[in-house]
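Residue numbers for the sequence shown, in full-length UniProt numbering: 5 to 306. By construction, the Cβ of each residue, glycine as well, lies at the ideal position given by its N, Cα and C atoms. Owing to the predicted nature of the structure, the values given are computational and were not obtained by experimental measurement.
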Amino acid sequence: RKDLLSLAPLSVEEITLILDTADSFKEVTGREIKKVPALRGRTVVNLFFEPSTRTRTSFELAAKRLSADVINFSPSSSSVVKGETLLDTARNIEAMQADIIVLRHPSAGAAEALARGVKSSVINAGDGWHEHPTQALLDLYTIRQRGLSFEGLKVAIVGDVAHSRVARSNIYALSKLGAEVRLIGPPTMMPWGVERLGARVYRNLDEGLAGVQVIMMLRLQLERQGRALFPTIREYARLFGLTGERVKLADPGAIVMHPGPINRGVEIAPEVADSLSSVILDQVANGVAVRMGILYLLSGAN
Ligand code: CP
Numbered sequence: 005r006k007d008l009l010s011l012a013p014l015s016v017e018e019i020t021l022i023l024d025t026a027d028s029f030k031e032v033t034g035r036e037i038k039k040v041p042a043l044r045g046r047t048v049v050n051l052f053f054e055p056s057t058r059t060r061t062s063f064e065l066a067a068k069r070l071s072a073d074v075i076n077f078s079p080s081s082s083s084v085v086k087g088e089t090l091l092d093t094a095r096n097i098e099a100m101q102a103d104i105i106v107l108r109h110p111s112a113g114a115a116e117a118l119a120r121g122v123k124s125s126v127i128n129a130g131d132g133w134h135e136h137p138t139q140a141l142l143d144l145y146t147i148r149q150r151g152l153s154f155e156g157l158k159v160a161i162v163g164d165v166a167h168s169r170v171a172r173s174n175i176y177a178l179s180k181l182g183a184e185v186r187l188i189g190p191p192t193m194m195p196w197g198v199e200r201l202g203a204r205v206y207r208n209l210d211e212g213l214a215g216v217q218v219i220m221m222l223r224l225q226l227e228r229q230g231r232a233l234f235p236t237i238r239e240y241a242r243l244f245g246l247t248g249e250r251v252k253l254a255d256p257g258a259i260v261m262h263p264g265p266i267n268r269g270v271e272i273a274p275e276v277a278d279s280l281s282s283v284i285l286d287q288v289a290n291g292v293a294v295r296m297g298i299l300y301l302l303s304g305a306n
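Next comes the structure, spelled out in structure tokens:
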């Protein structure tokens with residue numbers, strides 16, 4: 005493949021190859037060896053039209069650990085503010101020999117549109133409400149790292165599913181890998197017809213959490229909500245906030261995940277986010293190795 009835009013078209017074998025490749029880099033992301041020369045002479049451009057802490061930083065670290073040159077392009081201090089389009093911007097960057105463009109954009113479909121217009125590889129680092137494939141891949145990696153097998157795994161994805169590109173990518177991948185995906189949230193935050201993707205919808209958090217091995221909490225995306233938030237933040241926290249008591253309804257040993265950034269006290273209680281069940285920082289750490297694997301495979305360096 006030239007690009008990584010979505011997990012919908014990837015086969016189980018392709019997903020497994022990415023996770024296995026990430027595993028091979030995990031050994032070199034430790035203290036002893038920080039760098040491998042696999043992408044020496046290649047250029048990776050981070051083109052982020054929305055804020056990011058984890059994704060942008062870990063793509064930069066991953067590219068540097070593969071010895072690529074990295075450009076962090078900031079639209080707000082570029083000619084984008086003078087009206088230059090996304091495609092023109094990317095073509096100009098490409099003319100300077102960019103091999104891989106990592107794009108985050110507020111519009112669903114932006115990464116696919118860009119991939120059609122440039123020869124460089126394009127990685128979707130989150131496009132609107134659509135997909136966030138590299139986040140889902142690092143989530144899968146973290147689940148696998150805990151020794152859990154995907155076939156028959158019960159996974160609860162909780163919260164603002166409608167606005168979540170992380171949820172969409174995970175639904176595609178987890179269903180494909182044979183997991184039982186439960187989507188839990190208020191009707192106002194659940195996309196219509198989502199059951200068609202193979203997931204089951206629950207309106208009640210306690211019911212949906214019963215016996216699951218993985219609890220994946222989603223951020224309440226206030227910036228993507230209309231002005232009249234329903235339920236209100238207070239109601240949402242009461243009905244869908246993950247507390248220590250609610251974690252006890254899941255399988256003993258269940259892991260708690262969150263893509264970040266977290267709204268402490270809204271979708272997740274601070275004591276749960278910081279508990280031993282939480283793998284939130286493992287997800288962040290694994291993001292570097294997973295993104296190394298993706299950059300390596302797309303670059304054709306293998
Ligand atoms: N999970 C995630 O995409 O975080 P950032 O927005 O900080 O990149």
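Residue i Cβ short of 7 Å to ligand 1 heavy atom set
i: T57; result: yes
i: R60; result: yes
i: Q225; result: no
i: P265; result: yes
i: Q149; result: no
i: H167; result: no
i: G130; result: yes
i: H136; result: yes
i: Q139; result: yes
Candidates the options: closest to residue i by CA position
i: P110; options: S279, A254, R238 and E227; result: E227
i: R250; options: N267, V218, I266 and L224; result: V218
i: residue 323; options: V159, G197 and R5; result: Given that the chain is displayed from residue 5 to residue 306, the structure contains no residue 323 and the question cannot be resolved.
i: R238; options: A273, D278 and I259; result: A273
i: D286; options: W196, N96 and R148; result: R148
i: T247; options: T236, V270, F234 and P235; result: V270
i: P79; options: L21, S71, D92 and V205; result: D92
i: P235; options: P190, I127, L302 and L213; result: P190
i: S153; options: F52, L233 and E184; result: E184
i: V198; options: T57, S168 and L299; result: S168
i: S62; options: L302, V294 and S303; result: V294
Nearest-angstrom Cα separation, counted from residue j out to residue i
i: L59; j: P263; result: In the sequence as presented, Leu is not what sits at residue 59; that position holds Thr. Distance between the alpha carbons of T59 and P263 is about 10 Å.
i: V165; j: M221; result: 10 Å
i: P256; j: V162; result: 18 Å
i: N50; j: R108; result: 8 Å
i: T25; j: R200; result: 31 Å
i: V96; j: S81; result: Position check: residue 96 holds Asn in this sequence, whereas Val was assumed. C-alpha separation (whole angstroms): 15 Å.
i: A114; j: D7; result: 13 Å
i: E17; j: M193; result: 32 Å
i: E275; j: A241; result: 14 Å
i: residue 2; j: S71; result: With the chain covering only 5 through 306, there is no way to say anything about residue 2.
i: S15; j: G245; result: 34 Å
i: L243; j: L187; result: 14 Å
i: P13; j: S279; result: 35 Å
Cut-off 7 Å between Cβ atoms - residues of its own chain near residue i, not counting five sequence neighbours on either side
i: N267; result: R223 and L224
i: E64; result: N50, V74 and N76
i: A305; result: A42 and L43
Residues near residue i in its chain [Cβ-Cβ closer than 8 Å; skip 5 each side]
i: I19; result: L11, L141, L144, A177, K180 and L181
i: R69; result: F29, V32, T33, K38, K39, V40, V292 and M296
i: A277; result: V260, H262, I266, R268 and I284
i: A258; result: V216, Q217, V218, I219, V251 and S281
6 Å CB neighbourhood of residue i in its chain, flanking five on each side removed
i: E36; result: In this prediction, E36 scores a pLDDT of 45, lower than 50, which makes its location untrustworthy; no coordinate-derived value is stated.
i: E54; result: R108 and P110
i: A289; result: none
Check: residue i C-beta below 7 Å from any heavy atom of ligand 2
i: L226; result: Summarising the ligand content, the structure contains ligand 1 and does not contain ligand 2.
Taking 8 Å as the threshold, find out whether the segment 168 to 175 comes into contact with the segment 208 to 216 through three or more Cβ pairs. no
Check whether the segment 128 to 141 and the segment 153 to 162 touch, using three or more Cβ-Cβ pairs below 8 Å as the test. Output reads no: the segment 153 to 162 does not touch the segment 128 to 141.
Evaluate the contact criterion for the segment 39 to 50 versus the segment 87 to 106: three or more CB pairs, one atom per stretch, below 8 Å. yes
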